[in-house]
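Quick notes on the structure that follows.
Residue numbers (my numbering), protein chains in the order written: chain A, 4 to 332; chain F, 4 to 332.
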């Protein structure tokens with residue numbers, strides 16, 4: 004059995020019913036009396052997604068001893084928020100594909116994606132207020148500030164045309180990992196875990212979040228496009244620098260380095276040039292360096308679970324830390 | 004003394020200190036460790052604005068008997084939220100001017116406006132959570148859902164190329180008036196007003212909100228550009244239908260009606276054509292019809308204040324209902 008199937012099996016057994024209810028809640032919340040919202044919502048719900056964030060809320064809550072309906076409600080909150088950020092991200096990146104289908108902005112227009120994204124933000128916020136738990140609301144508010152700040156920092160760095168490994172780590176920590184960490188903290192808070200345990204689950208989430216994003220960025224160089232559901236080399240074509248490239252640039256000869264930077268600064272690089280940059284990144288061990296880093300974060304994540312007694316939930320969270328660095332999409 | 008000066012005088016006397024503190028809080032919140040956010044925030048804070056929403060929170064709170072720091076904190080919340088919606092609106096509308104200066108999207112790019120707008124949304128939400136009052140959070144959550152839903156509905160109608168007076172009223176009620184109403188409700192809730200009084204201040208706000216927007220839309224036809232701080236005829240050039248136009252179309256001869264619609268459907272109407280549409284709208288009493296409607300809403304707003312005992316605050320809110328329909332910018 005592959006790791007992916009094993010994990011799916013564990014998740015279904017532990018939180019399958021809640022996840023289905025969460026899925027139904029998401030679909031309900033993506034609806035509206037306004038038909039364009041309904042259409043976009045239906046399109047996005049249909050495209051699916053890994054649902055990593057709700058799964059982490061559900062598993063963390065169970066690990067912390069929570070049994071009740073609030074976890075799936077908050078799972079819906081985080082997934083709606085995630086959907087909203089994806090919609091705005093795709094507009095900013097000019098992305099045309101998402102999860103193997105046309106992105107919402109490509110299909111419905113940028114204006115639609117901006118406004119429907121805002122609407123899903125506000126829905127997420129309203130559901131959170133409905134739950135009305137201040138530490139949980141603050142956790143998510145903090146994550147949202149961090150995420151949006153990182154988005155702008157990323158844009159600023161892109162315009163400056165320079166990005167160090169430290170900048171990259173700052174961005175993915177604030178943008179991806181803080182949110183994933185918040186999902187784990189929320190679960191812990193739901194279960195009334197003590198502060199040390201809340202922090203431990205938060206640290207677990209932060210580390211898998213960083214690992215997850217590094218792998219995502221590496222897949223853009225090496226994945227099978229059909230499995231990934233989107234074209235590879237997208238980041239390069241958009242001039243987006245990620246860890247494999249940064250590492251390769253640090254290791255490249257001055258001549259290769261200069262040539263790569265020249266291609267990246269070009270507005271419309273040729274496909275052959277993008278292909279050559281990819282080969283150079285691999286040749287200079289950019290991918291293996293990035294994946295080693297990801298592996299280290301994933302291992303660190305697992306150590307933060309040690310303070311919890313053994314359980315199916317703990318084992319599943321450990322499996323997730325392995326899966327984030329061992330996946331092909 | 005003009006109505007505007009009289010009103011300013013009242014506002015300064017009653018809530019001037021709080022408004023200044025609110026202004027300082029807004030400027031502080033528009034700051035960030037990310038320099039692009041700081042730059043955009045400073046630019047927007049410098050451009051000013053009428054601060055109608057914070058003023059309404061402050062005055063309503065005082066009318067309901069509240070004295071304390073939460074009103075200015077919540078004033079900052081609503082102004083940040085308003086700023087975020089304006090930034091996204093300007094991107095969607097392709098607006099190049101705002102308050103007499105280049106719009107943030109024109110100056111910093113659409114991607115910046117989308118992401119910094121999201122950041123201000125999240126800041127507003129974090130400050131709201133910090134205040135942690137559920138009825139107030141729910142009021143604002145409801146208003147935000149309503150606003151964003153109306154934005155999409157407006158986009159949908161624009162694409163369909165048709166907008167009835169009922170559609171228009173639905174849009175401005177959900178988009179502008181619900182938010183202004185929420186500001187008044189928040190003030191009432193802060194003061195611990197009874198439910199009937201909360202509803203009364205909410206109804207006052209809803210009516211001035213509708214009146215305010217109708218006047219805004221009418222100013223686009225008749226204002227002095229230098230006073231207004233932006234070009235007039237902007238809505239027409241963007242193909243946006245507002246009450247003066249809708250009313251004129253209802254009254255026009257079939258030939259004039261057809262010609263106006265033809266101009267509006269054109270991608271790049273000529274300046275002379277826009278001028279002729281404006282003249283036709285006036286000739287068919289579109290402006291006077293719209294302003295009559297606005298006046299009726301403003302009068303209705305004032306009636307909702309009757310249940311409150313006479314006070315400086317009540318008088319000032321009454322002045323605001325007069326000012327929204329008697330202004331040149």
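Where is the CB? At the ideal position from N, CA and C, for every residue including glycine.
{"Asked": "Starting from the C-beta of residue 210/A, find all residues in its chain whose C-beta is less than 6 Å away, skip the five residues before and the five after it, and write them out in chain order.", "Found": "300, 303, 304"}
{"Asked": "Are the beta-carbon atoms of residue 120/F and residue 90/F separated by less than 9 Å?", "Found": "yes"}
{"Asked": "Confirm, please, whether the CB-CB distance from residue 33/A to residue 43/A is below 9 Å.", "Found": "yes"}
{"Asked": "To the nearest whole angstrom, what separates the beta carbons of residue 195/A and residue 204/A, a pair I think is in contact under 8 Å?", "Found": "That pair is no contact at about 13 Å."}
{"Asked": "Are the beta-carbon atoms of residue 351/F and residue 134/F separated by less than 9 Å?", "Found": "What is shown of chain F runs 4 to 332, which leaves residue 351/F out entirely."}
{"Asked": "Please classify residue 108/F as buried or exposed, where buried requires at least 16 other C-beta atoms within 10 Å of its C-beta.", "Found": "buried"}
{"Asked": "Helix, strand or coil for residue 104/A per DSSP?", "Found": "strand"}
{"Asked": "Report yes or no: do three or more beta-carbon pairs, one from the region 7–23 of chain F and one from the region 308–323 of chain F, lie closer than 8 Å?", "Found": "yes"}
{"Asked": "What residues of chain F sit near residue 28/A, judged by a beta carbon separation below 8 Å?", "Found": "Near residue 28/A there are no residues of chain F at all, since even the closest Cβ is about 16 Å away, more than 8 Å."}
{"Asked": "Pull out every residue of the region 148–171 of chain A whose Cβ sits closer than 7 Å to any Cβ of chain F, in chain order.", "Found": "148, 151, 152, 154, 155, 156, 158, 159"}
{"Asked": "Quick check on residue 141/F - is its C-beta less than 9 Å from some C-beta in chain A?", "Found": "yes"}
{"Asked": "In chain order, what are the residue ranges of uninterrupted alpha helix (DSSP H) at least 4 long that sit wholly in the region 4–59 of chain F?", "Found": "6–32, 38–50"}
{"Asked": "Between the C-alpha atoms of residue 278/F and residue 239/F, what's the straight-line distance to the nearest angstrom?", "Found": "10 Å"}
{"Asked": "Give, in chain order, every residue of the region 128–139 of chain F whose Cβ lies closer than 7 Å to some Cβ of chain A.", "Found": "128, 129, 132, 135, 137"}
{"Asked": "Check for me: the alpha helix (DSSP H) holding residue 80/F runs from which residue to which?", "Found": "73–96"}
{"Asked": "Going along the chain, which residues of its own chain have a beta-carbon closer than 7 Å to the beta-carbon of residue 86/A, five neighbours each way excluded?", "Found": "47, 123"}
{"Asked": "In angstroms with no decimal places, state the Cα-to-Cα distance between residue 174/A and residue 323/A.", "Found": "22 Å"}
{"Asked": "List, in chain order, every chain A residue whose beta-carbon is nearer than 8 Å to that of residue 145/F.", "Found": "129"}
{"Asked": "Along chain F, which residues have their Cβ under 8 Å away from the Cβ of residue 115/A?", "Found": "155, 158"}
{"Asked": "What is the rounded straight-line gap between the Cα of residue 223/A and the Cα of residue 235/A?", "Found": "5 Å"}
{"Asked": "Could you tell me whether the region 163–172 of chain F touches the region 125–134 of chain A, using the rule of 3 or more Cβ pairs below 8 Å?", "Found": "no"}
{"Asked": "Consider the Cβ of residue 40/A: report whether some Cβ of chain F lies at a distance smaller than 9 Å.", "Found": "yes"}
{"Asked": "Is the beta carbon of residue 177/A closer than 9 Å to that of residue 144/A?", "Found": "no"}
{"Asked": "Hey, is residue 33/A's beta-carbon within less than 9 Å of any beta-carbon in chain F?", "Found": "no"}
{"Asked": "Drop a sphere of 10 angstroms on the beta-carbon of residue 274/F, count the other beta-carbons inside from all chains shown, and report buried for 16 or more, exposed for fewer.", "Found": "exposed"}
{"Asked": "In angstroms with no decimal places, state the Cα-to-Cα distance between residue 414/A and residue 218/A.", "Found": "In the structure displayed, chain A extends from 4 to 332; residue 414/A sits before or after that span and is not available."}
{"Asked": "Check whether the Cβ atoms of residue 95/F and residue 158/F lie closer than 9 Å to each other.", "Found": "yes"}
{"Asked": "Please state the DSSP three-state secondary structure of residue 122/A.", "Found": "helix"}
{"Asked": "Let me know the alpha helix (DSSP H) ranges lying completely inside the region 238–296 of chain F, each 4 residues or longer, listed in chain order.", "Found": "246–254, 257–268, 274–286"}
{"Asked": "If the cut is a Cβ gap below 7 Å, which residues of chain A does residue 124/F touch?", "Found": "124"}
{"Asked": "What are the start and end residues of the alpha helix (DSSP H) that includes residue 171/A?", "Found": "168–175"}
{"Asked": "Go through its chain and collect everything with a Cβ distance to residue 249/F's Cβ below 8 Å, but skip five positions before and after it.", "Found": "166, 167, 168, 171, 289"}
{"Asked": "Can you give me the Cβ contacts of residue 287/F inside the same chain, cut-off strictly under 6 Å, excluding the 5 residues immediately before and after it?", "Found": "251, 254, 255"}
{"Asked": "When you compare the CB of residue 81/A with every CB in chain F, is at least one pair closer than 9 Å?", "Found": "no"}
{"Asked": "I want to verify the contact list: residues of chain F whose CB lies under 9 Å from the CB of residue 121/A, in sequence order.", "Found": "87, 88, 91, 120, 121, 124, 147, 150, 151, 154, 155"}
{"Asked": "Would you decide whether residue 200/F is buried or exposed? Buried here means 16 or more other CB atoms lie within 10 Å of its CB.", "Found": "buried"}
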